[in-house]
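Following: one structure in structure tokens, then a few remarks.
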Amino acid sequence: MGRGLKAGVCAAALALALPGLAQSAGPKSSAGQPWRNPKLSPDRRADLVIGQMSLDEQIGLLHGVFPRLMAKPPAGSIPAAGYVPGLPRLGIPALTESDASLGVAEAGRKDDDATPLPSGVALAATWDPKTAFASGAMIGKQARQKGFNVLLAGGVNLLRDPRNGRNFEYLGEDPLLAGTLAGASIAGIQSNHIVSTTKHFAINDQETGRMVLSAEIDEAAFRESDLLAFEIAIETGRPGSVMCAYNRVGGTYACENPFLLTDVLRTDWRYPGWVMSDWGAVHGVAAAKAGLDQESGQQLDKKVFFDAPLKAAVQSGEVPPARIREMTHRLLRSMFAAGLFEHPIQAGGLDTAADSLVAGHAAEQGVVLLKNDKGLLPLAAGARRILVVGGHADVGVISGGGSSQVIPPGSVKFPPPKGAPSWGGGQMYHPSAPLAAIKARAPGAEVTFSDGADPAAAAGLARNADVVVVFATQWSSEGMDVSMTLPGEQDALISAVAAANPKTVVVLETGGPVLMPWRDRAGSILEAWYPGARGGEAIAKVLFGQVNPQGRLPLTFPASEAQLARPTLPGGDQAVVEGFGAPNPKPFDVRYPEGSDIGYRGFAKSGDKPLYPFGYGLSYSAFRYSGLKVVGGKALSASFTVTNTGPRAGTDTPQLYLTAGPKRRQQRLIGWSKVALKPGESRQVTVAAPQRMLADWDVKAHGWRLDGGAYKVAVGPDAATAALTGSAMVQAASLKP
Ligand code: BGC
0 MGRGLKAGVC AAALALALPG LAQSAGPKSS AGQPWRNPKL SPDRRADLVI GQMSLDEQIG
60 LLHGVFPRLM AKPPAGSIPA AGYVPGLPRL GIPALTESDA SLGVAEAGRK DDDATPLPSG
120 VALAATWDPK TAFASGAMIG KQARQKGFNV LLAGGVNLLR DPRNGRNFEY LGEDPLLAGT
180 LAGASIAGIQ SNHIVSTTKH FAINDQETGR MVLSAEIDEA AFRESDLLAF EIAIETGRPG
240 SVMCAYNRVG GTYACENPFL LTDVLRTDWR YPGWVMSDWG AVHGVAAAKA GLDQESGQQL
300 DKKVFFDAPL KAAVQSGEVP PARIREMTHR LLRSMFAAGL FEHPIQAGGL DTAADSLVAG
360 HAAEQGVVLL KNDKGLLPLA AGARRILVVG GHADVGVISG GGSSQVIPPG SVKFPPPKGA
420 PSWGGGQMYH PSAPLAAIKA RAPGAEVTFS DGADPAAAAG LARNADVVVV FATQWSSEGM
480 DVSMTLPGEQ DALISAVAAA NPKTVVVLET GGPVLMPWRD RAGSILEAWY PGARGGEAIA
540 KVLFGQVNPQ GRLPLTFPAS EAQLARPTLP GGDQAVVEGF GAPNPKPFDV RYPEGSDIGY
600 RGFAKSGDKP LYPFGYGLSY SAFRYSGLKV VGGKALSASF TVTNTGPRAG TDTPQLYLTA
660 GPKRRQQRLI GWSKVALKPG ESRQVTVAAP QRMLADWDVK AHGWRLDGGA YKVAVGPDAA
720 TAALTGSAMV QAASLKP
């Protein structure tokens, strides 16, 4: 965020602010404080401590400030996103909260020293829970080192619209893939004894009008898509907190929505943690009755509802005191479960050089090779004249804007596009320049750079090059949506350069899918997303074959906006995108008639051909699948052999799709595997699909219904290619939510 933010806070000031932090947790001995006993369950401990708390003390934990907006932030707070004072009398630590979709963010503060991970879609493109865990573990460690015990991470909103300006923070279009990786990342964060959230609950799937729009979706479809992504993320990662979203769902604000917060989250999923609001998402005390436990960033709401007004509501009988105890309980039990009491924060010890390797590894794995004509890549050792064009490749790699933005020292800012939010860090490039990384790998070559401002001049240079690497960037940010067309003259630049020299490699650094009018002309295309702290290195390693590309698309690249479920962005006709510091647009509805058939599932239904399908990605090697055996029963599993038929060691990601159930055709990713193989090597893999992934949500029965009968599946390298097909009989079942 960063609305009205103060100038950068230097490290020394931060260090001064830290000592009071979790050390203010109170008496060290547990004598007389039985809730300090870690052998007791988190719930028991929460009950014991609440027994000692007055109503005022409980309410004191249920609302928090946005320190970065405060002229005088509270002692012990850090000028970041959130702070909730603790209760030293009872040893309850304060909550110090940082944004963290992609690292410990201090958006808007220049020269912070946290390490930026590659974007969420880049992580999703790894299809690798281990990488997600390691990435989460790294930023969780940095959080502790920087004095935070809560990370506002775990964004898992599904990509329903390629134009959503926050797609880069999330994990693509599929609930199983997104939920699994979000859960792994949350688990990694929390392995540091701090709390992670998952957000934004739910269906905050576009930025335009996010404060006012109402998402309209059929319940069964909702349960099978956006809610399923959260359900899987919560089961896998057990986040201490869930952040409810700004938008309305079915006409009711997400943060005061009993269906979302009480019926689904607490009753059906038995989620034990606390719900915190998004910053500025609370509209009244009624939210407490609906299931919201804590008001965050309270200055952004019209009133601090969860302070005096909440107390007045208790006194008037509108909110029962038991509900206040329940809210406090959910918060405290998560704090106990995460280990906040036993592991107070001790700031210091940051090692960004080592940590950036974690970010670099994730970026390398997430780069997707989309096209590679005549083996143009990896770049031949013999290339003498390499021309690098555009994308500020001489400066660094682009990062997305908004609350998630990490701005390490050496980052360079370029003017944001028209309509970009006035808050936040802006259009920043991380200091990992692809040009330098390319030069370092081609010591004998003449490497020339053209900024690409003049397409004709760049094309002239391209004619004399052995190979051209042209970079194209798309900035996107929280608080705005984007076009699927690359900004500025980049399409014209790529077309001109590729027409001049067919040995043109296009490297995309985008938040999500873009259109590629020049696709047929380009020799090779790499999608590098926003690649983070060592993005330039990661790109160069792939270009030169030090890394064999293994990323797979976690989203579909449509061929045109006409192929989208909503060809025109809802609310996009209004001048105002979101209301911080500006009037809100007029409320409007966003209808999701595609239901759970998002992305590739919609393409399977319509038969339309996308530019690149979900799951797609090439390698410098090649893989073959054989010998499919599908076993049914209660659920379903598929065994098959993967062979590396190419010349290099590489990693493949065979995917298992449901293509039809007993009652209808319907495509769904139901599992996948990652297999590293040497040239010529074969391995048998088994992919098991859990029962729920085969089932449909039955509104009447209020549960998952698995119809008995034949289930058809396909194994393939992407959603549009069925390399092997088979089927098995699966037993009928009713699954409770
Ligand atoms: C964003 C959240 C973020 C919060 C605090 C909001 O604008 O939607 O993702 O955690 O600000 O910065």
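Sequential numbering of the sequence shown, starting at 0, is according to the working numbering. Just so it is clear, CB atoms sit at the ideal spot from N, CA and C, and this is done for glycine as well.
Alpha-carbon spacing of Ser733 relative to Val684, whole angstroms: Residue 733 sits at position 734 when you count from the first residue of the sequence shown. Residue 684 sits at position 685 when you count from the first residue of the sequence shown. Distance between the alpha carbons of Ser733 and Val684: 29 Å.
Contacts around Ile231, its chain only, beta-carbon distance under 7 Å, and the 5 residues preceding and following it disregarded: Numbered from its first residue, the sequence shown carries residue 231 at position 232. The answer, listed in chain order, is Pro174, Leu175, Gly178, Thr179 and Gly182.
Comparing the CB of Leu746 with every heavy atom of the ligand BGC, is any distance shorter than 6 Å? Since the first and last residues shown for the chain are 0 and 736, residue 746 lies out of range.
Runs of 3 residues minimum, wholly inside the stretch 62–122: which ones carry the beta strand (DSSP E) assignment? 81–83 and 94–98
Quick one: what's got a C-beta closer than 7 Å to Thr125's C-beta in the same chain, skipping five residues either side? By 1-based counting over the sequence shown, the position of residue 125 is 126. Answer for Thr125: Ala361, Gln364, Gly365 and Gly550, listed in chain order.
Given that a residue counts as buried once 16 or more other Cβ atoms are within 10 Å of its Cβ, and exposed if not, what is Ser559? Walking along the sequence shown from the start, residue 559 turns up at place 560. Burial call: exposed.
Could you tell me how far apart the beta carbons of Ala186 and Gly135 are, in whole angstroms, since I believe they sit closer than 8 Å? On the sequence shown, position 187 is the one that residue 186 refers to. On the sequence shown, position 136 is the one that residue 135 refers to. Correct: roughly 7 Å between the Cβ atoms.
Please list, in chain order, all residues of the same chain as Ala436 whose beta carbon is under 6 Å from its beta carbon, the five residues on each side excluded. Here the question's residue 436 lines up with position 437 in the sequence shown. Within the same chain, Ala436 has close Cβ partners Gly535, Glu536 and Ala539.
Is there at least one non-hydrogen atom of the ligand BGC closer than 6 Å to the beta-carbon of Trp422? Along the sequence shown, one-based indexing puts residue 422 at 423. No; taking the cut-off as 6 Å, the Cβ of Trp422 has no heavy atom of the ligand BGC nearer than that.
Given the structure, does Ala228 come close to the ligand BGC, in the sense that its CB is under 6 Å from one of the ligand's heavy atoms? In the sequence shown, the residue the question calls residue 228 occupies position 229. No; taking the cut-off as 6 Å, the Cβ of Ala228 has no heavy atom of the ligand BGC nearer than that.
According to DSSP, residues forming a beta bridge with Tyr710: Translated into positions along the sequence shown, residue 710 becomes position 711. The partner list for Tyr710 (beta bridge, DSSP) reads Ala727.
Should the stretch 242–250 be called in touch with the stretch 618–629, which here means at least 3 C-beta pairs below 8 Å? no
Quick one: is the Cβ of Ala80 within less than 6 Å of any heavy atom of the ligand BGC? In the sequence shown, residue 80 corresponds to position 81, counting from 1. Yes - the ligand BGC has a heavy atom lying nearer than 6 Å to the Cβ of Ala80.
Inter-residue Cα distance where the pair is Gln22 and Gly146: Residue 22 sits at position 23 when you count from the first residue of the sequence shown. Residue 146 sits at position 147 when you count from the first residue of the sequence shown. Summary for Gln22: the model assigns pLDDT 35, below 50, so the residue's position carries little reliability; its value from the coordinates is reported in the next sentence. So the alpha carbons of these two residues sit roughly 11 Å apart.
Which listed residue (Pro416, Val481, Leu376 and Pro430) has its alpha carbon closest to that of Lys502: Counting from one through the sequence shown, the residue named residue 502 turns up at place 503. For Lys502, the nearest C-alpha among the options comes from Leu376.
For His701, count the other beta carbons within 10 Å of its own beta carbon; 16 or more makes it buried, fewer makes it exposed. Which is it? Numbered from its first residue, the sequence shown carries residue 701 at position 702. Under the 10 Å beta carbon count, His701 is surrounded by fewer than 16 other beta carbons and is classified as exposed.
How close, in whole Å, do the beta carbons of Gln293 and Trp278 come, if the pair is a contact with beta carbons under 8 Å? Start at 1 with the first residue of the sequence shown, and residue 293 comes out as number 294. Start at 1 with the first residue of the sequence shown, and residue 278 comes out as number 279. Contact annotation, Gln293 with Trp278: C-beta distance approximately 12 Å; criterion of less than 8 Å not satisfied.
Tell me whether Asp465, by its Cβ, gets closer than 6 Å to a heavy atom of the ligand BGC. Stepping through the sequence shown from its first residue, residue 465 is reached at position 466. If you check the C-beta of Asp465 against the ligand BGC, you find no heavy atom less than 6 Å away.
If distances are taken between C-alpha atoms only, which option among Lys310, Pro33 and Arg165 comes closest to Asp89? Numbered from its first residue, the sequence shown carries residue 89 at position 90. Reading off the sequence shown, one finds Leu at residue 89, where the question assumed Asp. Ranking the options by Cα distance to Leu89, first place goes to Pro33.
On the premise that Gly239 lies in contact with Ser333, defined as a C-beta separation below 8 Å, what is that separation, rounded to the nearest angstrom? The count along the sequence shown starts at 1 and reaches residue 333 at position 334. The count along the sequence shown starts at 1 and reaches residue 239 at position 240. Sure, about 3 Å apart at Cβ, within 8 Å.
Beta-carbon proximity check, Ala434 vs Asp393, cutoff 7 Å: The residue given as residue 434 occupies position 435 in the sequence shown. The residue given as residue 393 occupies position 394 in the sequence shown. The amino acid occupying residue 434 in the given sequence is Leu; Ala does not appear at that position. Cβ distance < 7 Å, so Leu434 and Asp393 count as in contact.
Closest residue to Ser428 among Arg67, Pro408, Lys438 and Ser421 (Cα-Cα distance): Counting from 1 along the sequence shown, the entry for residue 428 is found at position 429. The displayed chain sequence assigns Tyr, not Ser, to residue 428. Selected option, being the one with the closest Cα: Pro408.
If you drop the 5 nearest sequence neighbours on each side, which residues of the same chain put their C-beta closer than 7 Å to that of Arg664? Residue numbering aside, residue 664 sits at position 665 when the sequence shown is read from its first letter. Excluding residues within five positions, the ones whose Cβ falls inside 7 Å are Thr658.
Pairwise C-alpha distance: Pro569 and Phe167: Here residue 167 refers to the residue found at position 168 of the sequence shown. Here residue 569 refers to the residue found at position 570 of the sequence shown. Rounded to whole angstroms, the gap between the alpha carbons of Phe167 and Pro569 is 20 Å.
Pairwise C-alpha distance: Leu68 and Ala99: Sequence index remark: in the sequence shown, residue 99 carries index 100 (1-based). Sequence index remark: in the sequence shown, residue 68 carries index 69 (1-based). Cα to Cα, the separation comes out at about 18 Å.
Secondary structure at Phe448, three-state DSSP: helix, strand or coil? Numbered from 1 along the sequence shown, position 449 holds the residue referred to as residue 448. The answer is strand: DSSP assigns Phe448 an E or B state.
How is the alpha helix (DSSP H) around Thr235 delimited, first residue to last? Against the sequence shown, residue 235 aligns to sequence position 236. Taken as a continuous stretch (DSSP letters only), the alpha helix (DSSP H) holding Thr235 covers Asp225 to Gly236.
Return helix, strand or coil for Tyr733, following the three-state DSSP convention. Taking the first residue of the sequence shown as 1, we reach residue 733 at position 734. In the sequence under discussion, the amino acid at residue 733 is Ser, which differs from the Tyr named in the question. If DSSP states are grouped into helix, strand and coil, Ser733 belongs with the strands.
Hey, would you say the C-beta of Trp273 is under 6 Å away from at least one heavy atom of the ligand BGC? Taking the first residue of the sequence shown as position 1, residue 273 is located at position 274. Result no, Cβ not under 6 Å from the ligand BGC.
Can you determine whether any heavy atom of the ligand BGC sits closer than 6 Å to the C-beta of Trp34, and answer yes or no? Translated into positions along the sequence shown, residue 34 becomes position 35. Outside the cutoff, so no.
Beta-carbon separation (whole angstroms), Gly632 vs Val729, contact threshold 8 Å: As a first step, residue 632 is located in the sequence shown; it is residue number 633 there, counting from the start. As a first step, residue 729 is located in the sequence shown; it is residue number 730 there, counting from the start. That pair is a contact at about 7 Å.
May I ask which residues mark the beginning and end of the alpha helix (DSSP H) holding Tyr529? Locating residue 529 in the sequence shown gives position 530, where the first residue counts as 1. Looking at the DSSP string, Tyr529 is not in any alpha helix (DSSP H), and its letter there is neither H nor E.
Who does Cys243 pair with in a DSSP beta bridge? Taking the sequence shown and counting its residues from 1, one reaches residue 243 at position 244. According to DSSP, which records beta bridges pairwise, Cys243 is partnered with Phe200 and Ser276.
Is Asp697 a contact residue of the ligand BGC, with contact defined as CB to any heavy atom under 6 Å? Within the sequence shown, residue 697 is the residue found at index 698, counting from 1. Not so, every heavy atom of the ligand BGC lies at least 6 Å from the Cβ.
Could you check whether the stretch 710–728 touches the stretch 249–261, counting it as contact only if at least three pairs of C-beta atoms, one from each stretch, sit closer than 8 Å? By the C-beta criterion, the stretch 710–728 is judged not to be in contact with the stretch 249–261, since fewer than 3 inter-stretch pairs fall below 8 Å.
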